[in-house]
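Visitor:
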Amino acid sequence: MYVDISRKNLLPSLKMVTGIIERRQTMPILANVLMRVETTGLHLTATDSELEIACTIPIESSLEGDGTTTLSAQKLFDICRSLGDENSIQIHQENEENRVIIKSGRSRFSLSTLPAEDFPESETIDEIFSFAMPQQQLKALFHKVQFAMAQQDVRYYLNGLLLELSPTYRHFVTTDGHRLALANQEAHHELDDLLQIIIPRKAVLECNKILDENSEEPVQIHIAAGHIRFELPNLVLTSKLIDGRFPDYQGVLPAQADNILEIPCALFKQVLSRIAILSNEKHKGVRLSLDHNQLNISAQNPEHGEAEEELDVSYDGEAFEVGFNVSYLLEALSVIDTEMVRLHFTNSNNGCLITPEDTMEIKYVVMPMRL
Amino acid sequence: MSAQLPLAFRWQVPSQSFSNYIAKSNQTVYQTLLQVLDKKEELSMYLWGESGTGKSHLLQAASQYASARNQIPVYLPFSQLQHISPDALDGLETVDLVCLDDIQQITSSSPAMLLEWEQALFGLFNRLHENQVPLLITANTQVQSLGLNLEDLVSRLSWGYSFKLEPLPENCKRIILQKYATSLGLSLPDKVADYLLSHHPENLKQLIIYLDKLNYASLAKKRRLSIPFIREVLNDRFSGE
Amino acid sequence: MTEPLWQRCLQHLEREIAPQEFNTWIRPLHMQEISKQHIVLLAPNRFVLDRVQQHFSARLIELLTQLNHNQKLQLQLQVGTRRKSAQAQPSTAGDRAGQKRNNIVSFGDKLAQNREPPTNRAKPQRVWQQSPLNQKFTFQDFVAGNANRLAYAAAQQAAETCDFNPLFIYGGAGLGKTHLMQAVGHQLRQTRPQANIVYLPTERFVSDMVKAIQNRVIEDFKAYYRSVDVLLIDDIQFLAGKVRSQEEFFHTFNTLIEGHQQVIMTCDRAPRALDGLEDRLKSRLGSGLTVTVDVPARDTLVSILQRKAAVSNVKLSDEVAEFIANHINSNIRELEGALHRLLASARFMHREISLDFSREALHDLLAPQIQPQYNITEIQQQVADYFKLSLEDLLSKRRQRVIVRPRQMAISLCKDLTEQSLTEIGHAFNRDRSTVTHSYKTIHKLVGADQSVQQDYQRLRTQLSG
Numbered sequence: 167m168y169v170d171i172s173r174k175n176l177l178p179s180l181k182m183v184t185g186i187i188e189r190r191q192t193m194p195i196l197a198n199v200l201m202r203v204e205t206t207g208l209h210l211t212a213t214d215s216e217l218e219i220a221c222t223i224p225i226e227s228s229l230e231g232d233g234t235t236t237l238s239a240q241k242l243f244d245i246c247r248s249l250g251d252e253n254s255i256q257i258h259q260e261n262e263e264n265r266v267i268i269k270s271g272r273s274r275f276s277l278s279t280l281p282a283e284d285f286p287e288s289e290t291i292d293e294i295f296s297f298a299m300p301q302q303q304l305k306a307l308f309h310k311v312q313f314a315m316a317q318q319d320v321r322y323y324l325n326g327l328l329l330e331l332s333p334t335y336r337h338f339v340t341t342d343g344h345r346l347a348l349a350n351q352e353a354h355h356e357l358d359d360l361l362q363i364i365i366p367r368k369a370v371l372e373c374n375k376i377l378d379e380n381s382e383e384p385v386q387i388h389i390a391a392g393h394i395r396f397e398l399p400n401l402v403l404t405s406k407l408i409d410g411r412f413p414d415y416q417g418v419l420p421a422q423a424d425n426i427l428e429i430p431c432a433l434f435k436q437v438l439s440r441i442a443i444l445s446n447e448k449h450k451g452v453r454l455s456l457d458h459n460q461l462n463i464s465a466q467n468p469e470h471g472e473a474e475e476e477l478d479v480s481y482d483g484e485a486f487e488v489g490f491n492v493s494y495l496l497e498a499l500s501v502i503d504t505e506m507v508r509l510h511f512t513n514s515n516n517g518c519l520i521t522p523e524d525t526m527e528i529k530y531v532v533m534p535m536r537l
Numbered sequence: 043m044s045a046q047l048p049l050a051f052r053w054q055v056p057s058q059s060f061s062n063y064i065a066k067s068n069q070t071v072y073q074t075l076l077q078v079l080d081k082k083e084e085l086s087m088y089l090w091g092e093s094g095t096g097k098s099h100l101l102q103a104a105s106q107y108a109s110a111r112n113q114i115p116v117y118l119p120f121s122q123l124q125h126i127s128p129d130a131l132d133g134l135e136t137v138d139l140v141c142l143d144d145i146q147q148i149t150s151s152s153p154a155m156l157l158e159w160e161q162a163l164f165g166l167f168n169r170l171h172e173n174q175v176p177l178l179i180t181a182n183t184q185v186q187s188l189g190l191n192l193e194d195l196v197s198r199l200s201w202g203y204s205f206k207l208e209p210l211p212e213n214c215k216r217i218i219l220q221k222y223a224t225s226l227g228l229s230l231p232d233k234v235a236d237y238l239l240s241h242h243p244e245n246l247k248q249l250i251i252y253l254d255k256l257n258y259a260s261l262a263k264k265r266r267l268s269i270p271f272i273r274e275v276l277n278d279r280f281s282g283e
Numbered sequence: 361m362t363e364p365l366w367q368r369c370l371q372h373l374e375r376e377i378a379p380q381e382f383n384t385w386i387r388p389l390h391m392q393e394i395s396k397q398h399i400v401l402l403a404p405n406r407f408v409l410d411r412v413q414q415h416f417s418a419r420l421i422e423l424l425t426q427l428n429h430n431q432k433l434q435l436q437l438q439v440g441t442r443r444k445s446a447q448a449q450p451s452t453a454g455d456r457a458g459q460k461r462n463n464i465v466s467f468g469d470k471l472a473q474n475r476e477p478p479t480n481r482a483k484p485q486r487v488w489q490q491s492p493l494n495q496k497f498t499f500q501d502f503v504a505g506n507a508n509r510l511a512y513a514a515a516q517q518a519a520e521t522c523d524f525n526p527l528f529i530y531g532g533a534g535l536g537k538t539h540l541m542q543a544v545g546h547q548l549r550q551t552r553p554q555a556n557i558v559y560l561p562t563e564r565f566v567s568d569m570v571k572a573i574q575n576r577v578i579e580d581f582k583a584y585y586r587s588v589d590v591l592l593i594d595d596i597q598f599l600a601g602k603v604r605s606q607e608e609f610f611h612t613f614n615t616l617i618e619g620h621q622q623v624i625m626t627c628d629r630a631p632r633a634l635d636g637l638e639d640r641l642k643s644r645l646g647s648g649l650t651v652t653v654d655v656p657a658r659d660t661l662v663s664i665l666q667r668k669a670a671v672s673n674v675k676l677s678d679e680v681a682e683f684i685a686n687h688i689n690s691n692i693r694e695l696e697g698a699l700h701r702l703l704a705s706a707r708f709m710h711r712e713i714s715l716d717f718s719r720e721a722l723h724d725l726l727a728p729q730i731q732p733q734y735n736i737t738e739i740q741q742q743v744a745d746y747f748k749l750s751l752e753d754l755l756s757k758r759r760q761r762v763i764v765r766p767r768q769m770a771i772s773l774c775k776d777l778t779e780q781s782l783t784e785i786g787h788a789f790n791r792d793r794s795t796v797t798h799s800y801k802t803i804h805k806l807v808g809a810d811q812s813v814q815q816d817y818q819r820l821r822t823q824l825s826g
């Protein structure tokens, strides 16, 4: 096997596939990247047994033709990264030998390999549905909701993103049990019924990395019974799905509320960040007191002191007080890109609905705190 | 102490069906019930027993069973329906199965209301009998001690099959609790389940209510079900001799 | 192939709604009709309909629309059923079996088909509600004994001639009144196939009349009932306090008697004892032959049991039949209920019906007569006396073993012998429920392991039941 490839072509792809490999591995082969040289290019595949990324890189020349092997992803990446920018890299393996030689300029590395046969095979998936959408759109939708995914929660099905497809819409939903994010996109699907899948947290984050926020080019999404596959030209990400039932999110979206607060998003964020300095470190509670066109935000920290700020806002609902975890509010506000933000309140035991000023396509629900 | 409230999800707990009914010492009751549903012999059945012995489970399973066979069942849980009045029994002879759960509730109404109820039940019994519609009734005590005044009703209710339901053994309760926890997306390890059972030797219904409470708390605090966590939530006190 | 819209809607609802609510409000609905524009759902009665309307119709419409590719469907909820109730089954032509129909306004419907009052006696049109006869209620299946011999003879006579008119059969619940009356009906249907023989419970007479008044067809109602050849009316005591129904019944009754049409009534008491009935009606009811059925003697009960068992191909031994008859003898329905239970238990447990098995299978039906009542205070006192302790010590917080053990024993006895909850028992001992459980477990462990504990426990139990 022999391949000659430019560093600037290899490095981004290598970074991408290496990214999904778990640091601590019980199976040594999973720390390796599968390398396959064909006339069409160099194929790299990495997997953590739940998630697999495969990419194809065009190559300058492949003198001795095809070959496959696996080698340490991290070492290969570290080597390539350390090389000069304009260099080309030659990767070479003699038949039957259990090492590859990596050369670039006057540097020479020899890396031990493991047989390609031992590398987990890509899952063949039985597609039940597929659709496509522009990369930048999918990236934007992921971005709107991914922050609210749970992390290592005992409720394993919350550690992911619910994708719900109906004949007429796509819903992207995440929740950690305290807050919920929902992004809606109208779409036409050839479906008779709802299709719900839960994409694991890691797959969402990795997928977000491979998507180009400036590209109109479509990403193909293939859904199978236990898998999802995102296909870009030269890149395929395949993930197992979370086998579980996502809770009924529609049931927790607050009904139409009468008490609506409208406030400049940036200002609100600044004030909350200031007040947060003196919120309780553990619970991060802040208190919002609402009155006619008045918002008072305050926090108390038993050890360090108190903070308070008054704001003139647009509000003509009833006067009341409610507490929130300030980071939940800030995280939601940071993905709203309209000038004004709306907070819809029903009462201090119900979730607060946060939306951009101009659309109900994006919804955040944050549950209050008893302070 | 500040407390984060969790989202009030409606959990999809398993419906009570025959497939997840554990009969154990109630095997005869279960078999007889199936026979009633298949209209083999007698068409009315009166089940009684303490709370948590699976009465509602059997009745709900029966209505699911009927639905699955394209029949129309009616299931009225008297203890859950706040504004139920005797007209709830109107026209029920036109369906395929009638299930009345916890009818002891009617005996706590005023004497005049009780009389109305008794007459309504009497009428319903006769109409169902004529139309060959199976009737399943549950209560917390046997017919004779329900406190009904209408002898004609009492004798009719004791006419079909009447059975007492026995509580389940502990190991079955454990399995049921674990399954229920799973449906809430929670895992209830054996040790923790046993802790619950030994420190709260109540009936299953009450234990399920505790699990709901634990589920809520676990979502609020992002904690798994462990013995210390259960102690904290259920405020267990220790007193032993 | 895709599933029908309504099925898919149900699947969604089942996921969204708590199972109990789904069972109570959604399962009773029947999808009667669906088109591109609308869907018709039937609820069995107003009670269910109102709740569905209030709590579920908005979601139903939303779901149906969503699943229907956003084509809005109109939802119509009606009271009705796909199946006609037997009582409401008119025998008019054109009512094909199995035809799905809606009986919301069954009364109006039927009358629309029968505008002319049914005066033609030769071709009676049974448009008013009446009940079918129970196939098991024949003379052959009736077990006569001394307690009902006269009633039996009178009923047989009534099935042949119209000598005793009216025939009034009274007695306690579950003693065979309806059986006798319907036996007459069965026999007459054979001997006089042309005759219009109507059986109905009194409450139906009352409710039909109310509906007839509401629908302004009371004249039809009157004409119909006055035209029947034989009227069998069950549980006439339900006329008590219903003035208008009594009035109407009085006139119907008189017309029938005058026309020598047979009237048979059953009642839970003698005519003169019917409170809430007009005197003139009372005396008319008793103007023919009044007979009573009484609680049958044991030997009659035994033969009833054996005959009933024989119908299910089971031979019931004298010993077992006598055992049941000795314990359950207040009325025949309860007796039959016990037999049903015994037969089912034997069948599903694959057991011979022996005396022991019967005792075991029916234990809780027999129990009320046998089990004495215990109360906590009594148990506490007896245990204290037995161990020569004061009641205060027994209930104190002291933890010496000489007190702890008797206390635990008293607690276990309460749990064994009373129906009180753990909390209640705990309360009576100033302890919490987990102490009750702990005590109970300790004692039961010791009873197996320690002979003296076992002895004490047994003695106390015997003493308490004595």
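Chains as they are written, first to last, in my numbering: chain A, 167 to 537; chain B, 43 to 283; chain C, 361 to 826.
Here a beta-carbon is modelled for each residue, glycine too, at the ideal position from N, C-alpha and C.
Along the chain, where does the alpha helix (DSSP H) that runs through ARG216(B) open and close?
Guide: Counting along the chain, the alpha helix (DSSP H) containing ARG216(B) begins and ends at 212 to 225.
Visitor: Give a yes or no on whether 9 Å exceeds the smallest Cβ distance from LEU219(B) to chain A.
Guide: Output row for LEU219(B): interface = no.
Visitor: Please name the residue or residues paired with VAL116(B) in a DSSP beta bridge.
Guide: In DSSP, VAL116(B) forms a bridge with VAL140(B).
Visitor: Note down the Cα distance separating SER455(A) from THR525(A), rounded to an integer number of angstroms.
Guide: One C-alpha to the other measures close to 25 Å.
Visitor: Give a yes or no on whether 9 Å exceeds the smallest Cβ distance from ASN168(B) to chain C.
Guide: Output row for ASN168(B): interface = yes.
Visitor: Going by the beta-carbon positions, is the gap between ILE114(B) and PRO404(C) smaller than 9 Å?
Guide: Closer than 9 Å, so yes.
Visitor: Would you mind giving the Cβ-Cβ distance between ILE426(A) and ARG508(A), rounded to the nearest angstrom? I have them listed as a contact below 8 Å.
Guide: Their Cβ separation, rounded to whole angstroms, is 6 Å, which keeps ILE426(A) and ARG508(A) in contact under 8 Å.
Visitor: Anyone know if the C-beta pair for VAL370(A) and MET299(A) falls short of 9 Å?
Guide: The answer is no: Cβ separation not under 9 Å.
Visitor: Show which residues of chain A have a CB atom less than 9 Å away from the CB atom of GLN54(B).
Guide: Per Cβ cutoff of 9 Å: ARG411, PRO413 and ASP414.
Visitor: When you check each C-beta in the stretch 197 to 218 of chain B against every C-beta of chain C, which residues fall closer than 7 Å?
Guide: Cβ contacts with chain C: SER197, ARG198, SER200, TRP201, GLY202, TYR203, SER204, PHE205 and LYS206.
Visitor: Can you give me the Cβ contacts of ASN467(A) inside the same chain, cut-off strictly under 7 Å, excluding the 5 residues immediately before and after it?
Guide: Counting only Cβ-Cβ distances below 7 Å, and skipping sequence neighbours, we find LEU444, SER445 and ASN446.
Visitor: Between the beta-carbon of SER296(A) and the beta-carbon of HIS388(A), is there less than 9 Å?
Guide: Against a cut-off of 9 Å, the Cβ pair of HIS388(A) and SER296(A) comes out as a contact.
Visitor: What are the partner residues of GLU474(A), as DSSP defines its beta bridges?
Guide: In DSSP, GLU474(A) forms a bridge with SER464(A).
Visitor: Taking a cut of 8 Å between CB atoms, which residues from the stretch 428 to 439 of chain C lie near chain A?
Guide: Listed in sequence order: HIS429 and ASN430.
Visitor: According to DSSP, ARG345(A) sits in a beta bridge with which residue or residues?
Guide: In DSSP, ARG345(A) forms a bridge with VAL532(A).
Visitor: Would ASP414(A) pass as a contact of GLN301(A) if the rule is Cβ separation under 9 Å?
Guide: No.
Visitor: With contact counted as at least three CB pairs below 8 Å, one residue from each stretch, are the stretch 796 to 809 of chain C and the stretch 753 to 772 of chain C in contact?
Guide: Result yes; three or more Cβ-Cβ pairs closer than 8 Å.
Visitor: If you drop the 5 nearest sequence neighbours on each side, which residues of the same chain put their C-beta closer than 6 Å to that of THR340(A)?
Guide: Once the five neighbours on either side are set aside, the close Cβ partners of THR340(A) are VAL311, ALA314, MET315, LEU327 and ALA347.
Visitor: Using a Cβ-Cβ cut-off of 8 Å (strictly less than) and excluding sequence neighbours within five positions of ALA378(C), which residues of its own chain qualify?
Guide: Nothing listed; no residue qualifies.
Visitor: When the cut-off is 9 Å and only beta carbons count, does ARG266(B) lie next to chain A?
Guide: Yes, its Cβ sits closer than 9 Å to a Cβ of chain A.
Visitor: Since THR334(A) meets chain C, which of its residues come closer than 8 Å, beta carbon to beta carbon?
Guide: GLN426, HIS429 and ASN430, listed in chain order.
Visitor: With DSSP collapsed to three states, give me the class of PHE747(C).
Guide: Note: PHE747(C) maps to coil in three-state DSSP.
Visitor: Specify the secondary structure class of ARG481(C) as computed by DSSP and reduced to three states.
Guide: Model confidence at ARG481(C) stands at a pLDDT of 36, short of 50, so the residue's coordinates are unreliable; what they give is reported in the following sentence. Residue state, collapsed to three classes: coil.
Visitor: In chain order, what residues of the same chain lie with their CB nearer than 8 Å to the CB of ILE692(C), ignoring the 5 residues before and after it?
Guide: Within the same chain, ILE692(C) has close Cβ partners GLY534, LEU535, GLY536, PRO656, LEU661 and ILE664.
Visitor: Rounded to the nearest angstrom, what separates TRP385(C) and GLU638(C) at their Cα positions?
Guide: So the two alpha carbons sit approximately 43 Å from each other.
Visitor: List the residues that DSSP assigns as beta-bridge partners of ALA504(C).
Guide: Per DSSP, none; premise fails for ALA504(C).
Visitor: If contact means a Cβ-Cβ distance below 9 Å, which residues of the stretch 374 to 388 of chain C contact chain A?
Guide: The residues in question are ARG375 and GLU376.
Visitor: May I have the straight-line CA-CA distance separating SER59(B) from ALA197(A), to the nearest angstrom?
Guide: C-alpha separation (whole angstroms): 47 Å.
Visitor: Determine the direct distance from the alpha carbon of SER794(C) to that of VAL764(C), and round the result to whole angstroms.
Guide: Computed Cα separation, rounded: 15 Å.
Visitor: Output the residue ranges of the alpha helix (DSSP H) runs that lie fully inside the stretch 361 to 411 of chain C and measure 4 residues or longer, sorted by chain position.
Guide: Here the runs fully enclosed are 365 to 376 and 406 to 411.
Visitor: Cα-Cα, which of GLU244(B), LEU253(B), SER200(B) and TRP201(B) is closest to LEU210(B)?
Guide: If we check each option's Cα against that of LEU210(B), GLU244(B) comes out closest.
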